[in-house]
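Single-structure report; data block below.
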Amino acid sequence: MLKFYYNPLSPNARRVWLTLLEKEIPFESVLVNLDGDQLQPEFLTINPFHHIPVVVDQGFRVVESLAIMDYLESKYPTLVMLPSEPQALAKVRIVQLVTANELFPQVISLIYEREDSPQAAQAKQHIDKVLKFFTQVLGDRSFFGSHQLTLADIVAGIGVLSLPNLGVNLRDYPRLNEWSERLMQRPAWQKTKMSSEEFEAFKGRVRALVRLRRYQANKKK
Ligand SMILES: N[C@@H](CCC(=O)N[C@@H](CS)C(=O)NCC(=O)O)C(=O)O
């Protein structure tokens, strides 16, 4: 059976978790405790970059969440989640990459920086730009690039649904708000919904990681 290495606090692992559930692919989950399991030699042979998620399917190992989603899409087309029409496909890719490159770094800033700091205000401004952009891309469709769920909805949904916990009101973006409610009605999303304790634990992990990265960067100077 397909093996899925994950941790429920990891947004990147959640992308794959939701894809597996939405496509109803049977899998065996392997919990990787990010306090050090990922640095054990056994795990490093699976992913030398010590990251989750990883999927091992019939002996074939796939790393990188977006690559795993593509692999699952092509191997298990039970539910088609990647449109082939050029503009629709472009929308899916755009939304996935804008989430990774524009939205996530700002989510990290909002978690790390003081609420009343200029950095947090800047992060909120950038997030506003992303949410307005997503509203345009969504247009009058139910999902990104389609009338049914796509891989873009999974990637963006995980990021956007975390925003109300960080002081961003989705009601200011009515179409996205409706879209996020549509996602949350789906059984897979209800099943994997983060509790407030899990979200607090996630924030603690992000803060520790940013502190470590800043410390390492200062040491190099
Ligand atoms: N680009 C990778 C990033 C994966 C990633 O950064 N995973 C984090 C959890 S969200 C991780 O495993 N961190 C542990 C570590 O780097 O040691 C992907 O999309 O799969």
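Take the sequence shown: its position 84, counted from the start at 1, is 333 in my numbering, and no numbers get skipped.
For glycine and all other residues, C-beta sits at the position ideal for the given N, C-alpha and C.
Report task. Could you say which of Gln374, Phe393 and Gln371 lies nearest to Ala337 if we only look at CA atoms? Result -> Phe393
Report task. Classify Val329 as helix, strand or coil using the three-state DSSP reduction. Result -> coil
Query raised in the report: When the distance is taken between beta carbons, is Val409 closer than 9 Å to Phe383?
Result: yes
Query raised in the report: Taking the alpha helix (DSSP H) that Phe476 falls in, what are its first and last residues?
Result: The chain is shown from 250 up to 470; residue 476 falls before or after that span and cannot be answered.
Report task. Using the Cα positions of Lys324 and Pro275, report the straight-line distance between them to the nearest angstrom. Result -> 13 Å
**Report entry** Straight-line gap, Arg460 to Asn467 (C-alpha atoms, nearest Å)
**Finding:** 11 Å
Query raised in the report: By Cβ distance, which residues of its chain are closer than 6 Å to Gln414, with the 5 residues on each side in sequence left out?
Result: The sequence given here places Asn at residue 414; Gln does not occur at that position. Phe448.
Report task. Can you tell me which of Ala401, Val347 and Phe298 puts its alpha carbon nearest to the alpha carbon of Lys471? Result -> This structure leaves residue 471 out entirely; the chain is present only between 250 and 470.
Query - 3-residue-minimum beta strand (DSSP E) runs that sit fully inside the stretch 296-357, ordered along the chain - result: 303-306 and 309-312
Query raised in the report: By how many angstroms is the C-alpha of Phe292 removed from the C-alpha of Leu412?
Result: 32 Å
**Report entry** Residue range of the alpha helix (DSSP H) that includes Glu447
**Finding:** Counting along the chain, the alpha helix (DSSP H) containing Glu447 begins and ends at Ser445 to Lys469.
Requested in this report: Answer yes or no: the CB of His396 versus the heavy atoms of ligand 1, is any distance below 8 Å?
Outcome: no
**Report entry** C-beta atoms of Gly406 and Leu258 nearer than 9 Å
**Finding:** no
Query raised in the report: Is Lys381 helix, strand or coil when you go by DSSP?
Result: helix
Query - Tyr464 burial status per 10 Å Cβ neighbour count (16 or more: buried) - result: exposed
Query - Any non-hydrogen atom of ligand 1 within 8 Å of Ile301 CB - result: Yes, ligand 1 has a heavy atom inside 8 Å of this Cβ.
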